[in-house]
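Engineer: For reference, the structure I am asking about is given below.
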DNA sequence: GCTTAATCGAGACGGTACGTCGTGTCTTTTC
DNA sequence: GAAAAGACACGACGTACCGTCTCGATTAAGC
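Protein chains in written order, with my numbering: chain A, 86 to 291; chain B, 86 to 291; chain C, 86 to 291; chain D, 86 to 291.
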């Protein structure tokens with residue numbers, strides 16, 4: 086969920102007009118992330134974020150349209166601070182690589198440090214389509230492109246049929262994890278392995 | 086989550102004490118469902134429901150612990166008003182039946198009458214684990230049992246391997262639909278067909 | 086300035102609709118009066134009054150349209166708590182009686198307990214004509230009637246000419262005190278005496 | 086109350102340091118006067134003045150300590166633009182001259198162009214004793230001196246007793262007008278005449 | 001049928017947070 | 001260096017809802 090976003094490296098706001106205070110911006114994102122982990126999305130308030138960040142409320146309202154947007158930027162900042170290697174592993178064995186990646190995804194979803202904030206962001210997006218669209222564009226689409234690239238590589242190597250539907254494949258592989266996470270069901274590495282095995286069989290044999 | 090009202094098969098009152106007004110109850114659920122469709126979950130308020138239903142706020146607080154719970158009951162009432170035939174079709178062809186059922190699911194998810202309320206309920210559950218647990222118990226588990234029964238029937242008929250993991254199969258089949266719905270992506274009957282075909286191939290060949 | 090207002094003894098709000106909390110009302114008026122004495126009108130805030138009174142802000146906004154109106158009611162309450170004798174003294178000597186009354190007025194205007202609140206109320210009325218009108222009707226007019234009655238009594242007793250302009254007389258007698266008080270000039274009993282002596286001479290000799 | 090601008094007779098700058106922009110200063114005073122006439126003192130804001138004057142807020146804060154001070158200077162500028170003849174008329178008849186002057190005062194107080202700004206300034210001074218002191222010193226005292234001079238001239242001419250209290254006389258003459266203006270009562274030339282007649286009678290006969 | 005106790009519509013209450021406005025200070029850029 | 005511009009921390013505004021708490025007025029149960 087957080088690998089490194091190549092797109093839009095610096096929105097270029099160093100122009101004359103808005104002389105934004107970078108320290109305040111970071112304090113706000115940090116406070117928002119911390120607070121949502123402590124109290125959850127429903128009890129996350131702009132006032133609370135401002136107080137924790139040592140910032141006036143107006144400074145938040147000036148730059149973000151909603152608490153969901155603040156939360157989203159907090160995620161974005163986290164993702165951009167992440168590793169600089171944006172590619173999925175490609176050892177030659179698709180099945181082995183997918184097992185690795187899906188097990189890592191499971192580990193992340195289960196990590197209590199990320200569970201609450203991610204649930205909060207999901208809740209925010211569920212009823213704010215603008216936010217959902219921005220998430221899709223800024224985080225989901227780049228990630229999907231990496232996945233597609235890995236699967237295309239496997240297809241070119243003959244591990245998958247030439248006419249395989251890559252987007253369908255991605256959905257079949259990752260959505261079961263997301264779904265179980267949302268439902269609060271048990272999410273284990275073994276489950277990830279089973280998904281990989283079954284879906285790859287289906288894709289090859291279809 | 087206390088003081089839940091009895092589910093459909095028990096229209097009588099719990100005990101002698103509370104003489105609950107059934108008309109008010111229905112008005113509240115109807116108002117909640119309508120309002121959430123109009124303004125979304127974030128702007129749904131107890132006061133708004135009470136006003137729309139022509140009811141005192143206390144009448145809501147007396148019987149439900151949160152607006153999420155009201156919403157949940159509104160769904161429950163809807164579900165109980167629905168079909169009297171709880172079983173999935175079993176024509177002998179698993180693939181044909183699943184196509185039918187998944188296409189129906191797609192149609193429902195796409196229907197604007199249900200989209201907003203369902204997103205709202207999802208948002209409510211995302212940050213209220215008690216609500217999520219009750220949803221799981223009252224709506225999800227029974228539905229899952231029906232799905233499991235149909236797949237077991239197919240397994241017994243030889244359409245699936247004897248050692249097939251039914252829960253995995255259910256997740257592989259339905260989660261891609263839910264996932265796309267959540268993400269706001271395009272959700273078509275053709276997608277449902279592709280999921281059925283590929284997953285069944287995987288299950289048979291694994 | 087505070088003698089006892091005969092008009093409107095109980096606005097009769099004991100009807101069914103608004104069940105107003107009398108304890109909160111008194112707490113608000115008390116807090117407003119105390120606070121305006123401590124910080125002045127400019128720094129008097131609704132939030133401050135609410136906090137001091139141990140009351141929600143909405144309870145103030147529900148019953149008063151502005152902080153000036155709260156202040157006005159605080160004065161009204163004070164005036165109504167005052168003595169039950171609404172008449173000005175009538176010993177037979179107009180000059181002696183006026184000296185007494187104007188000296189009392191001077192004493193009140195100079196009293197630091199009343200100076201700040203009265204300045205505050207004056208400031209509120211200066212830019213709120215509605216408030217000024219209510220002040221005129223509820224406090225000023227009744228007081229003026231008492232003054233007029235005493236002067237009429239003196240006229241009937243032959244102490245003033247038969248064609249004396251009573252309203253002019255009242256203005257000539259009391260406005261110099263108010264004027265000096267507003268300007269922050271020195272306000273002494275001797276000044277009151279001089280005003281009485283000169284104005285009475287003018288009224289008699291005109 | 087620091088950093089006051091120089092009064093009329095010294096148009097040059099105070100010292101070499103501050104190179105004050107005279108155009109901005111006038112724009113600020115004009116804007117303040119206009120705005121207070123439009124929205125009243127309570128809704129007069131520094132930001133509003135700055136915006137209307139096309140000036141940065143800091144330019145106001147640099148030279149004035151409060152919005153009341155700006156308003157006061159606006160009045161001062163107005164007064165200094167006024168007549169070059171500072172003396173009250175002296176035709177030989179005190180009564181005729183006072184009638185003239187008080188009728189002029191009435192006309193000014195009734196003029197809607199001046200009513201609002203003057204109420205605003207009064208409100209500002211009511212709760213800012215520093216401002217009141219400056220008003221007293223810069224506008225009230227000089228005016229009072231003119232009045233005293235005219236009354237002294239009358240005393241020396243035998244129109245008033247030799248031991249007349251000039252300050253008392255001034256208060257008796259002008260405060261009724263101010264008082265009625267403040268109270269919003271009717272203010273007519275006839276009232277001014279009646280005041281003059283009665284007060285002069287009192288002063289002569291005392 | 002009469003009593004009585006819980007439920008009902010209504011809405012005031014002490015609170016929390018909202019999103020906006022204005023304060024007075026500060027910094028950056030321009031003249 | 002003053003000035004226009006405007007971001008900033010702060011505090012108050014007036015509003016919306018929260019969840020709790022009275023109020024009569026139904027209203028159905030059990031006497």
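Just so it is clear, CB atoms sit at the ideal spot from N, CA and C, and this is done for glycine as well.
If residue 212 of chain A sits next to residue 205 of chain B, beta carbons under 8 Å apart, how far is it from one beta carbon to the other, in whole angstroms?
Structural biologist: For the purposes of this step, residue 212 of chain A is taken as the residue at position 127 of the first chain. For the purposes of this step, residue 205 of chain B is taken as the residue at position 120 of the second chain. Yes, residue 212 of chain A and residue 205 of chain B are in contact; Cβ-Cβ is about 7 Å, under 8 Å.
Engineer: Going by DSSP in three states, residue 193 of chain D sits in which element: helix, strand or coil?
Structural biologist: Along the fourth chain, one-based indexing puts residue 193 of chain D at 108. DSSP places residue 193 of chain D in helix when its eight states are reduced to three.
Engineer: How many angstroms separate the CA atom of residue 111 of chain B from the CA atom of residue 162 of chain B?
Structural biologist: Stepping through the second chain from its first residue, residue 111 of chain B is reached at position 26. Stepping through the second chain from its first residue, residue 162 of chain B is reached at position 77. Approximately 9 Å, taken between the alpha carbons.
Engineer: Leaving aside the five residues before and after residue 152 of chain C along the sequence, list all residues of the same chain whose C-beta is less than 7 Å from its C-beta, in chain order.
Structural biologist: Your numbering for residue 152 of chain C matches position 67 in the third chain. Excluding positions up to five away in sequence, the list reads 129 and 131.
Engineer: Please state if the CB of residue 288 of chain C and the CB of residue 277 of chain C are separated by a distance shorter than 8 Å.
Structural biologist: Along the third chain, one-based indexing puts residue 277 of chain C at 192. Along the third chain, one-based indexing puts residue 288 of chain C at 203. The answer is no: Cβ separation not under 8 Å.
Engineer: Do you know offhand how far residue 180 of chain B's Cα is from residue 108 of chain A's?
Structural biologist: Mapped onto the second chain, residue 180 of chain B falls at position 95. Mapped onto the first chain, residue 108 of chain A falls at position 23. Distance between the alpha carbons of residue 180 of chain B and residue 108 of chain A: 58 Å.
Engineer: Do residue 183 of chain D and residue 281 of chain D have their C-beta atoms closer together than 8 Å?
Structural biologist: Indexing the fourth chain from 1 puts residue 183 of chain D at position 98. Indexing the fourth chain from 1 puts residue 281 of chain D at position 196. Their beta carbons are under 8 Å apart, which means residue 183 of chain D touches residue 281 of chain D by this criterion.
Engineer: Per the contact definition of three or more C-beta pairs closer than 8 Å, is the region 219-237 of chain A in contact with the region 138-147 of chain A?
Structural biologist: The answer is no - the region 219-237 of chain A does not touch the region 138-147 of chain A, with fewer than three Cβ pairs under 8 Å.
Engineer: Could you check whether the Cβ of residue 127 of chain B sits closer than 8 Å to any Cβ belonging to chain A?
Structural biologist: Within the second chain, residue 127 of chain B is the residue found at index 42, counting from 1. At least one chain A Cβ lies under 8 Å of residue 127 of chain B.
Engineer: First and last residue of the alpha helix (DSSP H) that includes residue 274 of chain C?
Structural biologist: Numbered from 1 along the third chain, position 189 holds the residue referred to as residue 274 of chain C. Counting along the chain, the alpha helix (DSSP H) containing residue 274 of chain C begins and ends at 274-290.
Engineer: What are the boundary residues of the alpha helix (DSSP H) that residue 241 of chain C is part of?
Structural biologist: Here residue 241 of chain C refers to the residue found at position 156 of the third chain. Taken as a continuous stretch (DSSP letters only), the alpha helix (DSSP H) holding residue 241 of chain C covers 226-241.
Engineer: Taking the alpha carbon of residue 198 of chain B as the point to measure from, which residue in B:166, B:232 and B:120 has its own alpha carbon closest?
Structural biologist: If you number the second chain from 1, residue 198 of chain B lands on position 113. Looking at the Cα atoms, B:120 is the closest of the given residues.
Engineer: Going by alpha carbons, who is nearest to residue 176 of chain D out of D:249, D:271 and D:244?
Structural biologist: For the purposes of this step, residue 176 of chain D is taken as residue 91 along the fourth chain, with counting starting at 1. Selected option, being the one with the closest Cα: D:244.
Engineer: Just the C-alpha distance for residue 185 of chain D and residue 165 of chain C, rounded to the nearest angstrom, thanks.
Structural biologist: Here residue 185 of chain D refers to the residue found at position 100 when the fourth chain is read from its first residue. Here residue 165 of chain C refers to the residue found at position 80 when the third chain is read from its first residue. Computed Cα separation, rounded: 43 Å.
Engineer: Go to residue 260 of chain D, then tell me how far its alpha helix (DSSP H) extends in each direction, as first and last residue.
Structural biologist: By 1-based counting over the fourth chain, the position of residue 260 of chain D is 175. Unbroken alpha helix (DSSP H) run through residue 260 of chain D: 251-268.
Engineer: Using a Cβ-Cβ cut-off of less than 9 Å, list which residues of the region 277-290 of chain A approach chain B; keep chain order.
Structural biologist: If the cut-off is 9 Å between Cβ atoms, the region 277-290 of chain A has 279, 280, 282, 283, 284, 285, 286, 287, 288, 289 and 290 near chain B.
Engineer: Determine whether the Cβ of residue 221 of chain C lies closer than 8 Å to any Cβ atom of chain D.
Structural biologist: Within the third chain, the letter at position 136 stands for residue 221 of chain C. True, the Cβ-Cβ gap to chain D drops below 8 Å.
Engineer: Can you confirm whether residue 256 of chain A, when its beta carbon is compared against all beta carbons of chain B, has any partner nearer than 8 Å?
Structural biologist: For the purposes of this step, residue 256 of chain A is identified with residue 171 of the first chain, where counting begins at 1. Residue 256 of chain A counts as touching chain B.
Engineer: Considering only the alpha carbon of each residue, which of A:203, A:235 and A:246 lies closest to residue 171 of chain A?
Structural biologist: In the first chain, counting from the first residue as 1, residue 171 of chain A sits at position 86. The residue with the shortest Cα to Cα distance from residue 171 of chain A is A:235.
Engineer: What three-state label does DSSP hand residue 215 of chain A in the structure shown?
Structural biologist: One-based indexing of the first chain puts residue 215 of chain A at position 130. Of the three classes helix, strand and coil, the one that applies to residue 215 of chain A here is helix, per DSSP.
Engineer: Please decide whether residue 275 of chain C counts as near chain D, where near means a Cβ-Cβ distance under 8 Å.
Structural biologist: On the third chain, residue 275 of chain C is found 190 positions in, with the first residue counted as 1. No, because no Cβ of chain D sits closer than 8 Å to the Cβ of residue 275 of chain C.
Engineer: Which bits of chain C does residue 250 of chain D rub up against, with CB to CB less than 7 Å?
Structural biologist: If you number the fourth chain from 1, residue 250 of chain D lands on position 165. Under the 7 Å cutoff, chain C gives 279.
Engineer: Near residue 254 of chain B, which residues of its chain fall below 8 Å by C-beta distance, leaving aside the five closest residues on each side in sequence?
Structural biologist: Within the second chain, residue 254 of chain B is the residue found at index 169, counting from 1. Contacts found: 236, 245, 284 and 288.
Engineer: Specify, as a first and last residue, the run of the alpha helix (DSSP H) that residue 148 of chain C falls within.
Structural biologist: Numbered from 1 along the third chain, position 63 holds the residue referred to as residue 148 of chain C. Counting along the chain, the alpha helix (DSSP H) containing residue 148 of chain C begins and ends at 142-148.
Engineer: Determine the DSSP secondary structure at residue 171 of chain B, reduced to helix, strand or coil.
Structural biologist: The residue you call residue 171 of chain B lines up with position 86 of the second chain. Of the three classes helix, strand and coil, the one that applies to residue 171 of chain B here is coil, per DSSP.
Engineer: Quick check: what's the CA-CA separation for residue 127 of chain D versus residue 266 of chain B?
Structural biologist: For this step, residue 127 of chain D is matched to residue 42 along the fourth chain. For this step, residue 266 of chain B is matched to residue 181 along the second chain. About 54 Å.
Engineer: Taking any Cβ of chain D, which residues in the region 177-188 of chain C have a Cβ under 7 Å from it, in chain order?
Structural biologist: Of all residues in the region 177-188 of chain C, none has a Cβ within less than 7 Å of some Cβ in chain D.
Engineer: In chain A, which residues lie less than 7 Å from residue 261 of chain B when you measure between Cβ atoms?
Structural biologist: Taking the second chain and counting its residues from 1, the one referred to as residue 261 of chain B is at position 176. Correct list: 256, 257 and 260.
Engineer: Quick check on the burial criterion: 16 or more other C-beta atoms within 10 angstroms. Buried or exposed for residue 231 of chain D?
Structural biologist: Working through the fourth chain from its first residue, we reach residue 231 of chain D at position 146. So residue 231 of chain D ends up on the exposed side.
Engineer: May I ask you to report which of helix, strand or coil DSSP gives residue 130 of chain A?
Structural biologist: What you label residue 130 of chain A is simply residue 45 of the first chain in a count that begins at 1. Of the three classes helix, strand and coil, the one that applies to residue 130 of chain A here is coil, per DSSP.
Engineer: My understanding is that residue 238 of chain A touches residue 264 of chain B, with C-beta atoms under 8 Å, so please give their C-beta distance in whole angstroms.
Structural biologist: Residue numbering aside, residue 238 of chain A sits at position 153 when the first chain is read from its first letter. Residue numbering aside, residue 264 of chain B sits at position 179 when the second chain is read from its first letter. Actually they are not in contact, since the Cβ atoms of residue 238 of chain A and residue 264 of chain B sit about 24 Å apart, beyond 8 Å.
Engineer: Please report the straight-line C-alpha distance between residue 216 of chain D and residue 270 of chain C, rounded to a whole angstrom.
Structural biologist: By 1-based counting over the fourth chain, the position of residue 216 of chain D is 131. By 1-based counting over the third chain, the position of residue 270 of chain C is 185. Answer to the nearest angstrom: the Cα atoms are 14 Å apart.
Engineer: Taking only beta-carbon atoms, is residue 86 of chain A less than 8 Å away from chain B?
Structural biologist: Here residue 86 of chain A refers to the residue found at position 1 of the first chain. For residue 86 of chain A, the predicted structure reports a pLDDT of 46, less than 50, and the residue's modelled location is therefore unreliable. A value from the coordinates is still provided. No, its Cβ sits nowhere closer than 8 Å to a Cβ of chain B.
Engineer: CB residue 155 of chain A to CB residue 192 of chain A, shorter than 8 Å?
Structural biologist: What you label residue 155 of chain A is simply residue 70 of the first chain in a count that begins at 1. What you label residue 192 of chain A is simply residue 107 of the first chain in a count that begins at 1. Not in contact: residue 155 of chain A and residue 192 of chain A (Cβ atoms no closer than 8 Å).
Engineer: So if I threshold CB-CB distances at 8 Å, which residues from the region 193-211 of chain C count as touching chain D?
Structural biologist: Answer in chain order: 204, 205, 207, 208 and 211.
Engineer: Compare the C-beta of residue 217 of chain C with all C-beta atoms of chain D and state if any pair is closer than 8 Å.
Structural biologist: Position 132 of the third chain holds residue 217 of chain C. Chain D, which has a Cβ nearer than 8 Å to the Cβ of residue 217 of chain C, makes this yes.
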